[in-house]
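Notes for the one structure printed next.
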Amino acid sequence: MLNRPSSRADTALKSIPDKVPNSNVTLIPCDLGDFSSVKAAAKEIQLKYKEKGLDVLVNNAGIMETPDIASVDGFGLAMQTNHLSHFLLTKELVPL
């Protein structure tokens, strides 16, 4: 599970075993508003799962109704969070 570090992410992670017994979920920090964070998360996934591989990737994060501000990478924050970082993450994980 990729998420920005937050209490909401911690709560979600803790709730999964109640809903899915015997699940094995790991939280990997990833801020979609920062390409360097996306690349670091992808690298961590590649190292952790290089033997097992990756069967499914669901890109389901997004933001809306945010001020028109730029990300640290110079793109519109919503555009980067909702689209560009999803493409980057997928590209980085294709080798798995």
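For the sequence shown, this note's numbering gives the first residue as 6, with consecutive numbering after it. Ideal Cβ placement from N, Cα and C applies to all residues, glycine included. Predicted model only: the values in this text are computed from it and were never measured.
- Distances from the alpha-carbon of Ser12 to those of Leu32, Lys24 and Pro22 put Leu32 closest.
- By the CB criterion at 9 Å, Gly67 and Ala83 fall inside the cutoff.
- The DSSP-derived three-state label of Pro22 is helix.
- Counting every other CB atom within 10 Å of its CB across the protein chains shown gives Gly38 a total of 16 or more, marking it as buried.
- When DSSP states are grouped into helix, strand and coil, Asn8 belongs to the strand group.
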